[in-house]
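As C-alpha cells, the structure follows; a few thoughts come after it.
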Amino acid sequence: MKQVTLTNVSKTYPNGVTAVRPTSFEIEKGEFLVLVGPSGCGKSTILRMIAGLEAITEGDLEIAGKRVNDVEPAERDIAMVFQNYALYPHMTVFNNMAYGLRNRGTSKAEIDKAVRDAATMLNLGEFLDRKPSQLSGGQRQRVAMGRAIVRNPALFLFDEPLSNLDAKLRGQMRIEIRALQRRLGVTSVYVTHDQVEAMTMADRIVVLNAGRIEQIGTPSEIYHQPQSTFVASFMGAPPMNLIDADYKGNGRVYLKGGLDMPAPVETGRAGSVKIGVRPENAKMLATETQGALPFAINHVEELGAIRLFHGTVGGQPFTVHTSHEHAIPEGTAWLDLEKSPVLMFDGATGARL
Amino acid sequence: MNRTRFFDHVVLLLGVAFMVGPILVAFLTSTHDPYEIHMKGLMASWGNDFVQTYDKVLFEKGGFTGKVTGLAMLKNSFILGIGFAVGKIVLSMLAAYAIVYFRFRMGVVFFWMIFTTLLLPLEVRILPSYEVMTKLGLVDTYSGLIVPLLASATGTFYFRQFFKSVPEEILEAARIDGAGPFKFFVDILVPLSRNMMAAIFIIMFVYGWNQYLWPMLMTTDEGFFTLVRGIKQILLVWVGAQIPDYNQAFALAVLAMVPPILVVIVFQSWFIKGLTESDK
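Residue numbers (the numbering used here), protein chains in the order written: chain A, 8 to 360; chain B, 643 to 922.
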C-alpha cells in the first residue's frame with residue numbers, strides 16, 4: 008500500500024531558482040526511505056514540501072491516498088525531527104512532547120500516558136522535568152524523537168537529525184532510530200548527506216543530484232548497480248574508482264598509458280567511456296600475470312581492519328581496499344580485473360552502459 | 643595579584659562614591675529644615691526634620707488648589723510609568739511580530755516608516771499631538787497622558803531583532819505541532835521574550851516616570867500631577883519673602899528616585915540577560 012505518492016512534484020522559488028525538478032516516487036507503508044545527495048541537491052526541499060513547510064510549485068503530493076498540496080502541516084498527520092532539534096527552550100521535556108497533543112485537544116490523561124510511554128521507550132523517564140538546555144545533544148535528539156512519537160503520526164520526517172552529534176553517538180542513534188521505526192512500523196522519510204547513514208538505515212535510497220533523482224533502489228542495488236558515475240562516486244567510501252578509457256567496439260577498452268583490458272559490456276557505439284571498479288573489488292597481485300594492469304602505489308593508509316592503497320593506473324588515480332593481512336608490495340603491484348565486477352559508464356553523460 | 647585586586651577595589655569604591663554621593667547629599671539635605679538649607683546650602687549631616695518633612699511631602703495637600711498630596715503624585719507617576727512600559731511592550735511586540743512573521747505587501751517599507759519615527763521625538767510633534775488629544779477630549783485624562791507616547795520605534799526594533807534570532811525551525815516545529823499564529827505568539831514567542839521584555843520594561847518605565855514636558859501640557863488639573871512636576875511646583879512658590887521648601891523639594895526628588903531604582907534592582911538580572919544572552 009502506498010503511504011506517500013509524489014507525482015511530478017517540483018519547486019521553483021520566486022526568484023526563478025529551481026530547487027527540485029519534476030520528481031515522482033512512491034513510499035510504501037512502513038518503509039524507511041532515505042533521500043541522500045550533496046548539499047543543494049534538493050533533498051531537504053522535497054522533505055519540507057512533504058511536511059507542508061514549503062509550497063509545492065507544481066505536481067501532486069498524496070499522503071494516505073489524499074491529495075495534501077494545500078493542507079496545513081498540522082493537518083497532514085506527520086511529525087518531523089529537525090537537525091537542530093528545534094525544541095521549545097522554555098518548556099520542560101514533558102511539555103515539549105505534550106505541546107502538539109494539547110493543541111489537538113487530547114485529554115490530559117491521554118497526553119500523560121502517551122508522553123510517559125514515549126519517554127520510557129526513549130530512556131527519558133528521569134528527564135521529564137528538565138529544560139532542553141540541561142540535556143546533552145543525544146538526549147535532546149531523543150526528546151525531538153519523542154515529540155514525533157507521541158503524536159502517533161502516519162509519517163515521520165527526519166531532516167538530517169544526526170549531523171549535530173559526534174561520530175560515536177551518531178552511530179548509536181542510527182541503530183536506535185532504525186530499531187524504533189521498525190518497532191512502531193511508521194513510514195519514514197529521512198534526509199541525509201551522509202552515505203553511511205543512507206546505506207545502513209534505508210529500505211530504499213533515493214539519490215539526488217542538482218534537483219533531480221539519479222537513482223532509486225535498495226542500498227545493495229545503489230551500491231552494486233549504480234546507474235551513473237554520480238551515484239557510483241557518491242555512495243561508498245572510498246568512492247568507486249572511475250578511470251577514463253576508449254571503447255572501440257572490439258570487446259576491449261583502451262586506457263591511458265598504453266594499457267587495455269576486456270570491456271565489461273558490449274554496446275553498439277564506440278567512444279570515450281569511464282571504467283568503474285569498487286576499491287574492494289580490485290584484486291592486487293605482487294607479480295605480473297597475464298592481463299594484469301600495473302598499479303603504481305604512492306601511499307598506504309592503515310585503518311586497522313583494512314588497508315587502503317592509493318596509487319595510479321596508467322597515470323590515473325586508483326584506490327585498492329584490502330584486508331589488513333594483505334602484504335604491502337614494494338613500488339608497483341599488479342591488478343587483476345578480469346574476474347572482478349567492473350562497470351562501464353558513458354564518458355559524456357555518465358550513464359551506465 | 644592581590645595588589646591588582648586592591649587597586650580594582652579602589653577604583654570601584656571611587657566610582658560608587660562619585661555616583662552615590664549626590665544622592666546621599668540630597669537625602670541628607672532633605673532631613674533639615676528649609677531655613678537652615680537656605681542659609682548653609684547643601685548638607686552632609688543628618689538633620690532633625692526627617693519624619694516631619696517626609697510626612698508633609700507625602701500626606702499634606704499642596705499645590706495651588708491645595709488638593710494634591712505627594713502620595714497622589716506618586717500614584718500618578720506609577721500609572722504613567724507602568725502604563726507606558728506595559729503599553730509600549732505590548733504594542734511594539736505585536737508590531738515586531740507582524741513585521742517578522744507575516745509576509746504582507748510593503749512590510750519592509752512599514753518597518754522603515756516606523757523606524758524613521760525615531761527622528762521625530764515628542765518635542766518635534768508636540769503641537770499636532772496636543773491638538774489631536776484636545777479634539778479627542780483626552781486632556782486631563784490618564785489615556786491622554788499615556789496613549790500618544792505608546793508607539794515605540796526602539797521597542798519595535800529590539801523585538802524585531804530578537805524575533806529574527808529565534809530559529810526558523812521553532813516556528814516550523816510549532817506549525818507541525820498545530821500552533822496557529824496566535825498560539826505561537828502566546829505559547830512560544832512571549833515566554834522566549836521574557837528577558838527582552840524585562841529589559842525594555844526598565845528602560846520604558848524610567849522613561850515614562852521621568853516624563854515632564856508632555857504631562858505639563860496635557861494635564862492642568864493638579865490631580866494628575868506627577869512627582870517630577872511636584873518638585874517644580876514647590877520651587878515655584880518663591881514669592882515675596884517666603885523661602886521655598888527646599889527640604890520638601892529634596893525629599894520629593896529622593897522619593898522620585900526610589901521606584902526606578904527598585905525596578906532596576908528587581909529586573910536587573912533579567913535586564914542583563916536580555917541584553918547579552920541569547921539562550922535559544
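All residues carry an ideal CB built from backbone N, CA and C; glycine is no exception. Keep in mind the model is a prediction, meaning the values are calculated, not measured.
Own chain residues within Cβ distance below 7 Å of residue i, not counting five before or after
{"i": "residue 345 of chain A", "result": "269 and 298"}
{"i": "residue 692 of chain B", "result": "673"}
{"i": "residue 335 of chain A", "result": "307"}
{"i": "residue 181 of chain A", "result": "169, 204, 207 and 208"}
{"i": "residue 238 of chain A", "result": "214, 221, 222 and 229"}
Neighbouring residues, chain A, relative to residue i (Cβ below 7 Å)
{"i": "residue 702 of chain B", "result": "Chain A residues near residue 702 of chain B: none, gap ~48 Å exceeds 7 Å."}
Beta-carbon proximity check, residue i vs residue j, cutoff 9 Å
{"i": "residue 251 of chain A", "j": "residue 145 of chain A", "result": "no"}
{"i": "residue 13 of chain A", "j": "residue 68 of chain A", "result": "yes"}
{"i": "residue 788 of chain B", "j": "residue 843 of chain B", "result": "no"}
{"i": "residue 272 of chain A", "j": "residue 40 of chain A", "result": "no"}
{"i": "residue 162 of chain A", "j": "residue 83 of chain A", "result": "yes"}
{"i": "residue 790 of chain B", "j": "residue 851 of chain B", "result": "no"}
{"i": "residue 164 of chain A", "j": "residue 212 of chain A", "result": "no"}
{"i": "residue 646 of chain B", "j": "residue 892 of chain B", "result": "no"}
{"i": "residue 88 of chain A", "j": "residue 134 of chain A", "result": "no"}
{"i": "residue 276 of chain A", "j": "residue 258 of chain A", "result": "no"}
{"i": "residue 792 of chain B", "j": "residue 808 of chain B", "result": "no"}
{"i": "residue 326 of chain A", "j": "residue 317 of chain A", "result": "yes"}
{"i": "residue 784 of chain B", "j": "residue 731 of chain B", "result": "no"}
{"i": "residue 901 of chain B", "j": "residue 716 of chain B", "result": "yes"}
{"i": "residue 279 of chain A", "j": "residue 253 of chain A", "result": "yes"}
Chain B residues whose Cβ lies nearer than 7 Å to that of residue i
{"i": "residue 95 of chain A", "result": "812 and 830"}
Proximal residues of chain A, C-beta to C-beta of residue i below 8 Å
{"i": "residue 871 of chain B", "result": "Simply none; closest approach about 41 Å."}
{"i": "residue 809 of chain B", "result": "91 and 93"}
Alpha-carbon spacing of residue i relative to residue j, whole angstroms
{"i": "residue 223 of chain A", "j": "residue 30 of chain A", "result": "12 Å"}
{"i": "residue 121 of chain A", "j": "residue 38 of chain A", "result": "24 Å"}
{"i": "residue 914 of chain B", "j": "residue 905 of chain B", "result": "13 Å"}
{"i": "residue 799 of chain B", "j": "residue 815 of chain B", "result": "25 Å"}
{"i": "residue 243 of chain A", "j": "residue 233 of chain A", "result": "11 Å"}
{"i": "residue 20 of chain A", "j": "residue 26 of chain A", "result": "7 Å"}
{"i": "residue 766 of chain B", "j": "residue 662 of chain B", "result": "34 Å"}
{"i": "residue 907 of chain B", "j": "residue 839 of chain B", "result": "15 Å"}
{"i": "residue 822 of chain B", "j": "residue 112 of chain A", "result": "14 Å"}
{"i": "residue 666 of chain B", "j": "residue 723 of chain B", "result": "24 Å"}
{"i": "residue 819 of chain B", "j": "residue 865 of chain B", "result": "52 Å"}
{"i": "residue 702 of chain B", "j": "residue 752 of chain B", "result": "50 Å"}
Cβ neighbours of residue i in the same chain (closer than 6 Å, five flanking residues each side left out)
{"i": "residue 669 of chain B", "result": "896"}
{"i": "residue 854 of chain B", "result": "870"}
{"i": "residue 63 of chain A", "result": "16, 56 and 76"}
{"i": "residue 859 of chain B", "result": "772"}
{"i": "residue 763 of chain B", "result": "none"}
{"i": "residue 805 of chain B", "result": "738 and 742"}
{"i": "residue 158 of chain A", "result": "86 and 107"}
Chain B within 9 Å of residue i, Cβ atoms only
{"i": "residue 89 of chain A", "result": "yes"}
{"i": "residue 68 of chain A", "result": "no"}
{"i": "residue 118 of chain A", "result": "no"}
{"i": "residue 60 of chain A", "result": "yes"}
{"i": "residue 86 of chain A", "result": "yes"}
{"i": "residue 154 of chain A", "result": "yes"}
Chain A contact for residue i (CB, 9 Å cutoff)
{"i": "residue 823 of chain B", "result": "no"}
Within chain B, the residues that residue i reaches when beta carbons sit closer than 8 Å
{"i": "residue 110 of chain A", "result": "819, 820, 821 and 825"}
{"i": "residue 107 of chain A", "result": "818, 819 and 820"}
{"i": "residue 80 of chain A", "result": "814, 817 and 818"}
{"i": "residue 71 of chain A", "result": "Simply none; closest approach about 16 Å."}
Cut-off 8 Å between Cβ atoms - residues of its own chain near residue i, not counting five sequence neighbours on either side
{"i": "residue 95 of chain A", "result": "102, 103, 106 and 139"}
{"i": "residue 46 of chain A", "result": "200"}
{"i": "residue 10 of chain A", "result": "34, 35, 36, 37, 38, 70, 71, 161, 162 and 194"}
{"i": "residue 314 of chain A", "result": "307, 308, 328, 329, 330, 331, 333 and 335"}
{"i": "residue 166 of chain A", "result": "51, 54, 55, 87, 88, 89, 90 and 198"}
{"i": "residue 341 of chain A", "result": "291, 292, 293, 294, 295, 296, 299, 300, 301 and 302"}
Short CB-CB distance (under 9 Å) between residue i and chain D
{"i": "residue 816 of chain B", "result": "No chain D appears in the structure shown, which is made up of the protein chains A and B."}
Cross-chain neighbours of residue i in chain A, by beta carbon under 9 Å
{"i": "residue 834 of chain B", "result": "95, 96 and 97"}
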